[in-house]
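See below for the structure under consideration.
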Amino acid sequence: IENSNIGIPIHIDLSGVDKTIGIRSNLSSVFDFYGSFPSEVATDLLKFAMTVFSADKYADRNQAFNKWSRYFHLYQPVSNVDLWNGIKEKLEQTLDFLTGDHWEIHFRISTEKHFFGMKQLQERIPSFSHSPRAFALMSGGLDSFTGALELLENMPGEVIFVSHYSRGGATKTVQDRVYSLLRRKYPDRFCSLQFFVQPSEGTIGEIEPSQRSRSFLFLSLVAAVSSASHTSSPLNIYENGLLSLNVPLAANRGGGLSTRTTHPYFLSMYQDILESLGITMSIRTPFRFLTKGEMLIATKNPSILKEGVKLTHSCSHGTYVRFKGRTFDEHCGYCLPCIIRRAATTAAGIDDVNYVVDVIYNNLPSNRVEGKDLYAIKIALKRLDNMTSSLYSHVRIAGPLQGAPEEIFQYVDV
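Put into structure tokens, the structure is as follows:
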């Protein structure tokens, strides 16, 4: 990897041997436990995603000319150079859109015949231990938990949930307690795969916190699991439409500053990448036309939802909560995800988590960090009242919308 903003090349060891400038993970142990590895091309995709994730973390945005957009040259070994060169431009466009940076990708033939440090033996069990009807992402957030209930209530057969966490963080604790509740309520209905993929934090310096490429890694983990399972079952991503679109609340929040983790355009481009690589996994977004509140109200099992809502975590300011001496179970209350969550649970009549800052009853000035997101929401609502024909154009600021005209208008309605 080379970050052109500072001109420093970084070598990333994907085998897990070099712990200084490498990537720690439990990939081989998880796949070894289930008796099968992904295909060569799915393994290449996962390794590519890990390299991108590492580059994203190692390159500090403050070093960029505009304190945000970086310029990457990424050199990646793959098993089939011609195949990957055929989608090079699509990959670059996808990453440009997702992270708000500029990516130039260069492929070369790989001489590595091991799966993340473990030799891939041909005599291994040839099929995955489970044949799922569907895959789903499980982050530990309220949306993915609500989606899990939706899937387990409506679809017979086994589901495989895939999670990602950073080793030593609180995210795994949240995921564990959500899975524990689901196992009690839906015994023998699902399998959970929890992956940690963490670039080493050693001699590189400051770690970039934005992690805009994390969703590319998350999806590639599921693609690898899908390949190892030898099924073509769909991937369900449960995210409410409002946060998927993530339309900028103000002019200074547009462009690369607006996250595009599950934006329809990004998911469409990633689906194209899978198809070009011959990976047969379709991506579905069942909640794409619902707000978070509508999503909660529509659940088929409200009693389990009410029992589990406090186990989930949505706050983007976990550091603030710990700084205030509170537990991870509490939320900051003032970030955009917290405000949307609180509005949704109120609309659904659900008793929610504790919030450190009460933005509803405290008159917080907009020049304080605790008041900025609420102020932006108020401004956006005022602008919405004055919008008619321009609303469609405003929704597209966050990214292009593709599909049938009726679907596009449904996105606008969200």
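In our numbering, the protein residues as written are -15 to 398. Here a beta-carbon is modelled for each residue, glycine too, at the ideal position from N, C-alpha and C.
Among Ile288, Arg117, Phe32 and Val158, the one whose alpha carbon lies nearest that of Arg92: Position 108 of the sequence shown, counted from the start, is the residue given in the question as residue 92. Residue Phe32 is the option with its Cα nearest to Arg92.
Burial state of Gly239, where buried means 16 or more other Cβ atoms lie within 10 Å: On the sequence shown, residue 239 is found 255 positions in, with the first residue counted as 1. Only weak support exists for where Gly239 lies, its pLDDT of 46 falling under 50; the value from the coordinates is given anyway. Classification of Gly239: exposed, given that the 10 Å Cβ count is below 16.
Which residues DSSP lists as bridging Cys175, in chain order: Along the sequence shown, read from residue 1 onward, the residue named residue 175 stands at position 191. Answer by DSSP bridge pairing, in chain order: Ile144.
Residues bridged to Trp87 (per DSSP): Numbered from its first residue, the sequence shown carries residue 87 at position 103. Trp87 is bridged to Phe56.
Buried versus exposed, by CB contacts within 10 Å (16 or more), His247: On the sequence shown, residue 247 is found 263 positions in, with the first residue counted as 1. Classification of His247: buried, given that the 10 Å Cβ count is 16 or more.
Reduced DSSP secondary structure (H/G/I, E/B, other) of Ile281: Counted from its first residue, the sequence shown places residue 281 at position 297. Three-state result, Ile281: helix.
Close beta carbons around Val231, own chain, < 7 Å, minus the five adjacent residues each side: Here residue 231 refers to the residue found at position 247 when the sequence shown is read from its first residue. Cβ neighbours of Val231 beyond the five flanking positions: His378, Val379, Ile381 and Ala382.
Environment of Thr330 [buried if 16+ CB atoms lie within 10 Å]: Counting from one through the sequence shown, the residue named residue 330 turns up at place 346. Thr330 comes out exposed.
For Lys362 and Ser13, the rounded distance between their alpha carbons: Along the sequence shown, one-based indexing puts residue 13 at 29. Along the sequence shown, one-based indexing puts residue 362 at 378. The straight-line gap from Cα to Cα measures roughly 48 Å.
Beta-carbon contacts of Leu251 that lie in its chain and below 6 Å, excluding the five residues immediately before and after: Within the sequence shown, residue 251 is the residue found at index 267, counting from 1. Cβ neighbours of Leu251 beyond the five flanking positions: Ile267.
C-alpha distance - Ala207 paired with Pro183, whole-angstrom precision: In the sequence shown, the residue the question calls residue 207 occupies position 223. In the sequence shown, the residue the question calls residue 183 occupies position 199. Rounded to the nearest angstrom, the two C-alpha atoms are 20 Å apart.
Proximity winner among Asp336, Asn351 and Gly355, relative to Tyr345 (alpha-carbon distances): Your numbering for residue 345 matches position 361 in the sequence shown. Answer by Cα proximity: Gly355.
Rounded Cβ spacing between Ser298 and Pro321 (contact assumed at less than 8 Å): Position 314 of the sequence shown, counted from the start, is the residue given in the question as residue 298. Position 337 of the sequence shown, counted from the start, is the residue given in the question as residue 321. Yes, they are in contact, since the Cβ atoms of Ser298 and Pro321 sit about 5 Å apart, within 8 Å.
Contact set for Asp160: own chain, Cβ-Cβ below 6 Å, skip 5 residues either direction: Mapped onto the sequence shown, residue 160 falls at position 176. For Asp160, where only same-chain residues beyond five positions count, there are no Cβ hits under 6 Å.
Meets three-Cβ-pair contact criterion under 8 Å: the stretch 135 to 142 and the stretch 169 to 180: Taking 8 Å as the limit for Cβ pairs, the verdict is that the stretch 169 to 180 does touch the stretch 135 to 142.
Three-state secondary structure (DSSP) of Val181: Sequence index remark: in the sequence shown, residue 181 carries index 197 (1-based). Strand, per DSSP.
Same chain only: Cβ atoms within 6 Å of Pro61, ignoring 5 sequence neighbours per side: Position 77 of the sequence shown, counted from the start, is the residue given in the question as residue 61. Arg92 and Ser94, listed in sequence order.
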